[in-house]
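Below is one structure, written out as structure tokens; the observations come after it.
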Amino acid sequence: MASRSHLVAFFLLLLACGVRMQDDVEVDEEEDDVAEEDDKVIVITAKNFDRVLATHPYLLVEFHLQTCDYCKRLEPEYTEAARYLHEVGSVARLGKVDGAHHRVLSKEFAIPTFPTLIFFKDGDRKKPRSYKGDHNAAGILAWLARRTGPVAYELDTVASAQALLNKSDTVVLGFFKEPEGEQQRIYFEVADNFDVILFGVSSKPEVFLEFGVTEDSVIVFKKDEGHFVFNKQIEKDDLYDFIKMFELPLVLHFSTEVAPKLFAHLVRVHTLLFASNESSSFPELYAEFRGAAAAFRGKIIFVFVNTEEPSNGRLLDFFALNEDELPEIRLIHMENKTHKFRPVTNELSAANIQNFCQDYLDGKLKPHHPSAEIPEDWDKDPVKVLVGKNFDDVALAEDKAVFVMIYAPWCTHCKNLAPVWEKLGEEFKDEEGIIIAKMDATRNEVATVQVNQYPSLYYFPAGADKKAVKHEGSMDLEALAKFLRNGGSEVEQVEAKEQVEEGDESPNAEAAPKEEL
7 MASRSHLVAF
17 FLLLLACGVR
27 MQDDVEVDEE
37 EDDVAEEDDK
47 VIVITAKNFD
57 RVLATHPYLL
67 VEFHLQTCDY
77 CKRLEPEYTE
87 AARYLHEVGS
97 VARLGKVDGA
107 HHRVLSKEFA
117 IPTFPTLIFF
127 KDGDRKKPRS
137 YKGDHNAAGI
147 LAWLARRTGP
157 VAYELDTVAS
167 AQALLNKSDT
177 VVLGFFKEPE
187 GEQQRIYFEV
197 ADNFDVILFG
207 VSSKPEVFLE
217 FGVTEDSVIV
227 FKKDEGHFVF
237 NKQIEKDDLY
247 DFIKMFELPL
257 VLHFSTEVAP
267 KLFAHLVRVH
277 TLLFASNESS
287 SFPELYAEFR
297 GAAAAFRGKI
307 IFVFVNTEEP
317 SNGRLLDFFA
327 LNEDELPEIR
337 LIHMENKTHK
347 FRPVTNELSA
357 ANIQNFCQDY
367 LDGKLKPHHP
377 SAEIPEDWDK
387 DPVKVLVGKN
397 FDDVALAEDK
407 AVFVMIYAPW
417 CTHCKNLAPV
427 WEKLGEEFKD
437 EEGIIIAKMD
447 ATRNEVATVQ
457 VNQYPSLYYF
467 PAGADKKAVK
477 HEGSMDLEAL
487 AKFLRNGGSE
497 VEQVEAKEQV
507 EEGDESPNAE
517 AAPKEEL
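Its first residue numbered 7, the sequence shown is counted upward by one per residue in this note's numbering.
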């Protein structure tokens with residue numbers, strides 16, 4: 007599933023979920039083990055961390071950088087949550103670690119980006135739990151309430167069961183005649199895997215009667231949707247998958263915070279509505295979209311992408327959509343290879359959306375590969391301009407070797423490579439058997455190659471049996487020219503192998519910078 011993981015990374019990159027720590031940050035070793043507080047947030051250092059863990063049995067820790075804009079956005083929300091926990095006398099506390107000054111902690115817990123939140127229970131630094139809730143005060147408090155409370159609430163009365171149902175939009179109740187039996191044990195084990203959903207359990211006849219239960223069962227209650235019953239023999243994986251299906255709302259509103267939940271979900275097929283929530287027609291359109299969603303619970307996730315959000319602009323690029331085309335629907339399948347589909351009608355009624363989704367499930371749809379129109383002067387310059395409509399005709403021509411840069415206009419690495427690519431075109435412009443080309447991936451897609459990062463460089467050798475070779479080496483002009491003259495072989499790898507065979511150390515070739523999809 008490599009392509010899916012690349013797509014996940016792509017969306018997180020697009021939304022700029024965090025920043026990575028640079029290697030040249032100064033490390034402050036001058037501190038003692040006394041823990042100070044910054045507005046009820048415990049300031050954690052490499053020296054006081056053990057003491058803080060021993061003092062606080064429930065500790066959520068933010069790893070941050072002072073220069074990180076996303077950390078600055080989280081700070082007021084994090085502080086608000088910390089103040090609330092202090093005011094109510096909660097045993098849970100919030101702490102923070104400056105990831106630059108205390109890199110030994112960042113390395114110990116393999117912090118990938120900033121901010122990253124990790125939860126520690128009972129002072130155990132060997133088994134921390136990654137925070138997967140929303141990056142706001144309400145989300146933090148809800149997540150902590152779940153993690154500091156019981157795995158499942160014991161429901162001895164009908165009133166206690168109703169009270170639990172009123173606490174959240176999604177609640178799971180387990181009904182077991184044997185409170186210490188194997189079925190309940192598995193239920194508790196499954197429940198511990200969910201960070202936000204509330205779980206309850208009961209063995210009381212009056213609670214069984216209230217909910218019409220006669221046998222051991224698990225019921226998922228969704229506000230505005232009803233309830234859904236799992237009443238077969240409980241197997242751990244089956245029950246987990248069943249509950250996971252209801253973890254998300256019927257329509258997910260796409261954002262930086264919910265993106266990781268979406269891409270971590272078991273359902274790999276998403277139908278996306280691209281529209282402005284400020285449009286006069288939006289309430290009716292959204293109702294139609296939501297009305298179509300219920301029939302596909304567990305099969306397709308329905309996602310609303312608000313085009314008024316600036317951060318969603320690159321998502322429009324990814325689906326090759328222009329604002330003047332909106333509102334629009336797209337379906338994407340992220341299993342193995344990524345495929346996109348578009349409806350045949352622009353009338354976005356619930357019936358049409360349902361028919362579109364069902365046609366996909368029935369295998370009646372072909373993937374949609376968007377393409378810009380072929381420019382009249384596409385071949386006048388040394389670097390030829392390819393689009394979806396002429397890509398295969400040029401790249402797969404038997405009498406030509408073709409080297410293509412697939413790029414995104416907003417990609418910094420692509421912008422840096424552009425002048426080098428132009429020079430490469432100039433160098434090979436008079437060689438009849440070689441074509442240097444480029445294609446804008448935000449407006450064009452082809453089935454010939456799967457693009458997982460920007461820029462992606464593909465070499466198509468001349469001949470009848472053309473198989474694309476991806477360039478993974480350095481991106482300076484000399485390396486690119488050598489790669490091309492060597493028929494698509496990575497020159498650095500060949501040279502490194504020769505040196506190793508001769509007993510020398512392998513040289514550190516300059517890595518090709520890319521932005522992952």
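For each residue, glycine too, the CB sits at the ideal point set by N, CA and C.
Where does Asp446 sit, in a helix, a strand or coil, going by DSSP? strand
For Asp44, report the span of its beta strand (DSSP E) as first-last. 42-44
Please work out which residues of its chain come closer than 7 Å, Cβ to Cβ, to Asp29, disregarding the five sequence neighbours upstream and downstream, and give them in chain order. In this prediction, Asp29 has a pLDDT of 43, which is less than 50 and means its spatial position is unreliable; what the coordinates show is noted afterwards. Excluding sequence neighbours, Asp29 sits near nothing in its chain.
Tyr137 in three-state terms, based on DSSP: coil
If we call anything under 9 Å between Cβ atoms a contact, is Ala48 one with Gly101? Residue identity check: residue 48 is Ile in the sequence provided, not Ala. In this structure, Gly101 lies closer than 9 Å to Ile48 by Cβ.
Where does the unbroken beta strand (DSSP E) through Gly232 begin, and where does it stop? 232-236
How do the segment 476-488 and the segment 346-365 stand: do at least 3 beta-carbon pairs fall below 8 Å, yes or no? no
In three-state terms, what does DSSP make of Asn492? coil
If you scan the segment 138-169 from start to end, which runs of the alpha helix (DSSP H) of 4 or more residues do you find wholly inside it? 143-154
Delimiting residues of the beta strand (DSSP E) encompassing Glu212: Note, Glu212: premise wrong, no beta strand (DSSP E); alpha helix (DSSP H) at 211-216.
Cα-Cα separation, Gln456 to Val391: 19 Å
Provide the residue span of the alpha helix (DSSP H) that contains Ala203, from first to last. Note that residue 203 corresponds to Ile in the displayed sequence, not to Ala. From DSSP, Ile203 is part of no alpha helix (DSSP H); its letter is neither H nor E.
First and last residue of the alpha helix (DSSP H) that includes Arg79? 75-93
In three-state DSSP terms, what is Arg274? coil
Out of curiosity, what's the CA-to-CA distance linking Asn283 and His345? 27 Å
Just to confirm the assignment, what range does the beta strand (DSSP E) spanning Glu433 have? Looking at the DSSP string, Glu433 is not in any beta strand (DSSP E); the run it does join, the alpha helix (DSSP H), is 418-434.
Quick one: using the 10 Å Cβ neighbour count with 16 as the cut-off for buried, is Gly105 buried or exposed? buried
State the CB to CB distance for the pair Val226 and Phe252, rounded to an integer number of angstroms; the pair is presumed to be in contact (CB under 8 Å). 5 Å
DSSP on Ala281, reduced to helix/strand/coil? strand
Can you check whether the CB of Leu278 is closer than 9 Å to the CB of Val311? yes
Where does Asp198 land, buried or exposed, given buried means 16+ other C-beta within 10 angstroms? exposed
Where DSSP assigns a beta bridge to Gly129, which residues make up the other side? None, per the DSSP bridge assignment.
Is Ala169 buried or exposed, if buried means 16 or more other CB atoms sit within 10 Å of its CB? exposed
Does the beta-carbon distance from Glu188 to Ala143 come in below 9 Å? no
Alpha carbon of Asp482 to alpha carbon of Cys420, nearest angstrom: 13 Å
Nearest CA to the CA of Leu272: which residue from Asn358, Arg303, Ala424? Arg303
In whole angstroms, what separates the C-alpha of Arg99 from that of Asp44? 12 Å
Start and end of the beta strand (DSSP E) containing Asp310? Note on residue identity: the sequence assigns Phe, not Asp, to residue 310. That run of the beta strand (DSSP E) goes 307-312.
Would DSSP call Phe194 helix, strand or coil? helix
Can you give me the C-alpha to C-alpha distance between Val400 and Val408, rounded to a whole angstrom? 8 Å
Please list, in chain order, all residues of the same chain as Val309 whose beta carbon is under 6 Å from its beta carbon, the five residues on each side excluded. Leu258, Phe260, His276, Leu278
Please list, in chain order, all residues of the same chain as Arg131 whose beta carbon is under 7 Å from its beta carbon, the five residues on each side excluded. Leu59
Please state if the CB of Ile240 and the CB of Ile307 are separated by a distance shorter than 9 Å. no
Spatial neighbours of Leu463 within its chain, please: CB distance less than 6 Å, with the 5 preceding and 5 following residues excluded, ordered by chain position. Met411, His477
For the pair the segment 436-447 and the segment 363-375, tell me if three or more CB-CB distances fall below 8 Å. no
Per-residue DSSP class, three states only, for Glu68: strand
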